[in-house]
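This report concerns only the one structure given below.
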Amino acid sequence: MKTKMSLLILFLLFVSNNYAQIHFDDWFEKKSLRIDFALNGNSEYQKAALQQMREEPVWGGPVKNLIDKSYYGGYYVNLYDKTGKQLIYSRGFNTLFEEWRSTEQAKNETQSWTNSISIPFPKKETVLEITGRDRGDMQFHVLLTLNIDPSSIFIDRGKLKENTVIQIQYKGDPSSKIDLVFIAEGYTAGEEKKFETDAKKFTESLFNTPPFDMHRDDFNVWAVGLESEESGTDVSGKGVFKNTALNSGYYTFGLSRYLTTPDMKSIRDAVWNIPCDAIFIVVNTDMYGGGGMYNFYAMGTSDDARTPVVFVHEFGHSFAGLADEYFSSEVAYDDAFFSLKTEPWEPNITTLIDFESKWKDLLPANTPIPTLLEDKYKDKIGVYEGGGYLSKGIYRPMDHCMMRDYAPFCPACSRAILRMIDFLTDRTD
Ligand SMILES: [Zn+2]
64 MKTKMSLLIL FLLFVSNNYA QIHFDDWFEK KSLRIDFALN GNSEYQKAAL QQMREEPVWG
124 GPVKNLIDKS YYGGYYVNLY DKTGKQLIYS RGFNTLFEEW RSTEQAKNET QSWTNSISIP
184 FPKKETVLEI TGRDRGDMQF HVLLTLNIDP SSIFIDRGKL KENTVIQIQY KGDPSSKIDL
244 VFIAEGYTAG EEKKFETDAK KFTESLFNTP PFDMHRDDFN VWAVGLESEE SGTDVSGKGV
304 FKNTALNSGY YTFGLSRYLT TPDMKSIRDA VWNIPCDAIF IVVNTDMYGG GGMYNFYAMG
364 TSDDARTPVV FVHEFGHSFA GLADEYFSSE VAYDDAFFSL KTEPWEPNIT TLIDFESKWK
424 DLLPANTPIP TLLEDKYKDK IGVYEGGGYL SKGIYRPMDH CMMRDYAPFC PACSRAILRM
484 IDFLTDRTD
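The numbering of the sequence shown is my numbering, which starts it at 64 and goes up by one.
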């Protein structure tokens with residue numbers, strides 16, 4: 064008993080030491096340090112290398128919740144004091160490169176992709192680490208370590224192009240609000256009004272959807288009127304190529320409806336001077352499609368009939384790290400996208416390997432695990448087989464959900480969204 068007690072005390076000391084409250088003003092200025100880096104590799108390995116660092120004038124992220132304990136994402140950025148011992152900032156994120164690594168192409172080719180992250184600007188010398196999650200053990204491994212001297216001549220401090228920025232709604236100090244930024248893609252000079260109308264349409268669509276409807280006041284919404292030379296976007300599978308600001312296109316990984324861009328540098332250049340917690344790129348086309356990756360960006364189209372719900376679905380990926388709950392559609396990934404040997408990190412799917420860490424506490428008493436799709440469980444939260452692109456071995460929380468077929472968000476997804484809202488508005492630590 065005594066041993067157990069001392070172990071407990073040691074454990075508590077360890078926890079409190081590692082997660083001691085970091086005071087923003089001790090460590091950071093209210094500006095951003097942007098880090099552009101290359102990820103290269105293939106299905107077997109990945110490496111990271113620095114491309115550039117930039118000082119940018121605004122920090123709109125949390126100032127209390129500096130350590131991200133969600134462990135969402137395929138990557139983490141960790142910032143330590145100069146001894147490398149005290150963690151002072153961390154945040155998880157995903158990349159499109161990570162998805163590409165699970166395609167057939169990545170078995171035969173090695174590629175290099177540009178990525179970009181922003182952290183609060185350090186006042187003192189620090190050590191930055193970018194880690195990547197290994198699909199085999201689900202643990203994060205160091206890909207890049209950098210010593211950062213905030214006064215270094217190698218940090219670019221120049222201004223970039225000042226785009227037209229429209230404030231769609233302003234509810235308060237960006238540090239305690241979520242700054243959602245719409246960026247125009249494939250809108251030419253003369254289409255500014257259309258972009259503003261489209262961004263407002265999406266704003267209403269988001270705040271008409273539970274649980275976002277109860278949290279409108281937690282968001283500032285901005286729209287960056289980036290100008291493109293041509294309207295629309297690439298449809299490479301049909302030989303259509305447009306000269307647009309963010310180089311977006313359909314046929315990502317060969318899938319006709321998968322609309323993305325690998326051009327993270329241009330995206331970050333577009334938001335360099337405004338607070339930005341979440342990016343949504345509006346592509347000026349009437350075709351169906353979209354994409355979204357956790358804490359990276361979401362993308363949707365302006366004029367398809369399903370556009371407003373597609374937007375909310377893609378935002379579910381990029382904002383709250385939600386997985387797709389569908390399993391019957393065509394996808395480009397091989398079987399390895401979600402391993403059945405480990406628990407996925409996404410909050411709304413499970414392999415049942417560590418279901419305790421998921422929505423088990425939300426199940427009504429006596430709900431069988433897994434749950435069959437019988438009448439008495441219909442429209443109730445359970446553990447239904449099929450999700451994450453696989454019909455067997457992965458389970459979803461409800462038969463229907465925004466992340467499967469544009470139904471209302473299921474309770475597991477809703478809770479993940481609410482937790483992210485609390486994290487980004489500094490309400491919890
Ligand atoms: Zn769901």
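For each residue, glycine too, the CB sits at the ideal point set by N, CA and C.
Judged by DSSP secondary structure, Glu118 falls within the beta strand (DSSP E) whose first and last residues are Gln109 to Glu119. Judged by their CB atoms, Phe418 and Tyr452 are not nearer to each other than the 8 angstroms cut-off. Set against 7 angstroms, the gap from the CB of Met350 to the closest heavy atom of ligand 1 is not smaller.
The set of residues with any CB-heavy atom separation to ligand 1 below 5 angstroms comprises, in chain order, Asn411, Cys464, Met466, Cys473 and Cys476.
Under DSSP, Glu448 forms a beta bridge with Tyr458.
In this structure, the beta-carbon distance from Met362 to Tyr313 does not fall below 8 angstroms. Arg117 has its alpha-carbon roughly 9 angstroms from the corresponding atom of Phe217. Scanning its chain for C-beta atoms nearer than 6 angstroms, with the 5 sequence neighbours on each side dropped, one finds around Lys170 the residues Ser106, in chain order. A straight line joining the alpha-carbon of Lys187 with that of Pro120 spans about 17 angstroms. When Cβ pairs closer than 8 angstroms are counted between the two stretches, the region 129-147 is seen not to touch the region 362-371, the count staying below three.
Straight across, the Cα-Cα distance linking Val372 with Asn347 is about 16 angstroms.
By the criterion of at least three beta-carbon pairs nearer than 8 angstroms, the region 373-380 is not in contact with the region 418-435. Every beta strand (DSSP E) stretch that sits fully inside the region 159-215 and reaches 3 residues is listed by chain position as 174-185, 189-196 and 203-211.
If you look at Val375, you'll find it in the alpha helix (DSSP H) that goes Thr370 to Ala383.
The C-beta separation of Ile344 from Val228 comes to about 15 angstroms, leaving the pair out of contact by the 8 angstroms criterion.
In the displayed model, Tyr143 falls within a strand according to three-state DSSP. Counted as a single uninterrupted DSSP element, the stretch harbouring Lys234 is not any alpha helix (DSSP H), since DSSP gives it neither H nor E.
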